[in-house]
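**Student:** What follows is a single structure, and I will ask about it in a moment.
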Amino acid sequence: MIDILIAILSTIGAFAIFFASLGILRMPDFYLRLSVTVKAATMGVGLLLLCAAIIFPDISVSTKALAITFFLIITSPIAAHMIGRAAYFTGTPLWKNTIIDELAGMYDKENHRLRNSDEMPEPQGEEDQIADTEEETK
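The letter at position 7 of the sequence shown is residue 7 when you use the working numbering, and the numbering goes up by one with no holes.
The structure is reproduced here in structure tokens:
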């Protein structure tokens, strides 16, 4: 029964890592590549480490594998956020078909902070930028 569980978890983990590598090749811009890679790779590596913890019943190995998984799950999204924020600040271009850039005009380049909605000037005569119909996106 343990062998079946390990086979299922390791297969799912390997497929998750495979999908992360496909995401690097298939996604059109840096931000989408970052998103798909962090999510899929974290899940894949976490599942493979869980398999290692099950295979090796020694308490030191399983404790280390679970600790690595825990810290990976905690730190990966934070690291991806910081990398994405640095990329946005340095001007890494968005995909050409990106519909909405929610951070446009909200990033203060002098002190490297996002402005609150209270600090933003009121839009003058502009409608919301969310497309309601298919024709509005063209």
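Yeah, the Cβ is synthetic: ideal placement off N, Cα and C, and Gly gets one too.
Just so we're clear, the structure is a prediction, and the values are computed from it rather than from any experiment.
Please state whether the Cβ-Cβ distance between L9 and L50 is less than 7 Å.
**Tutor:** For the purposes of this step, residue 9 is taken as the residue at position 9 of the sequence shown. For the purposes of this step, residue 50 is taken as the residue at position 50 of the sequence shown. It is a contact, given that the beta carbons lie within the stated cut-off.
**Student:** Apart from the five residues just before and just after A16, which ones in its own chain have a Cβ nearer than 6 Å to its Cβ?
**Tutor:** In the sequence shown, counting from the first residue as 1, residue 16 sits at position 16. Cβ within range, chain order: A40, M43, G44.
**Student:** Using 8 Å as the cut-off, can you tell me whether the region 79-86 makes contact with the region 31-39, which would need three or more C-beta pairs spanning the two stretches below that distance?
**Tutor:** yes
**Student:** Within 10 angstroms of the Cβ of A139, are there 16 or more other Cβ atoms? Answer buried if so, exposed if not.
**Tutor:** Because the chain in this structure spans residues 1 to 138, residue 139 falls outside the shown range and cannot be described.
**Student:** Pop quiz: R139 and G46 are said to be a contact at Cβ under 8 Å. What is the actual Cβ separation, rounded to whole angstroms?
**Tutor:** Nothing can be reported for residue 139: it is not among the residues displayed for the chain, which extend from 1 to 138.
**Student:** Kindly indicate which residue of N116, D3, R115 has the alpha-carbon position closest to the one of A52.
**Tutor:** Position 52 of the sequence shown holds residue 52. Answer by Cα proximity: D3.
**Student:** For A20, count neighbouring Cβ atoms within 10 angstroms of its own Cβ and tell me buried if that reaches 16, exposed if not.
**Tutor:** Position 20 of the sequence shown, counted from the start, is the residue given in the question as residue 20. When all chains shown are included, A20 counts as buried.
**Student:** Rounded to a whole number of angstroms, what is the C-alpha to C-alpha distance between S62 and I55?
**Tutor:** Numbered from its first residue, the sequence shown carries residue 62 at position 62. Numbered from its first residue, the sequence shown carries residue 55 at position 55. Taking the straight line joining both Cα atoms gives about 9 Å.
**Student:** Rounded to whole angstroms, what's the CA-CA distance from L144 to N97? Just pull it up for me.
**Tutor:** Since the first residue shown for the chain is 1 and the last is 138, residue 144 is missing from the structure and cannot be characterised.
**Student:** Since T92 contacts F30 with CB under 8 Å, what's their CB separation in whole angstroms?
**Tutor:** Here residue 92 refers to the residue found at position 92 of the sequence shown. Here residue 30 refers to the residue found at position 30 of the sequence shown. Between the beta-carbon of T92 and that of F30 there is about 5 Å, and that keeps the pair under the 8 Å contact cut.
**Student:** Just to confirm the assignment, what range does the alpha helix (DSSP H) spanning L47 have?
**Tutor:** The residue labelled residue 47 in the question sits at position 47 within the sequence shown. Where L47 is concerned, the enclosing alpha helix (DSSP H) stretches over 30-55.
**Student:** Using 7 Å as the threshold, is the C-beta distance between M106 and R115 below it?
**Tutor:** Position 106 of the sequence shown, counting from 1, holds the residue named residue 106. Position 115 of the sequence shown, counting from 1, holds the residue named residue 115. For M106 and R115, yes; Cβs fall inside 7 Å.
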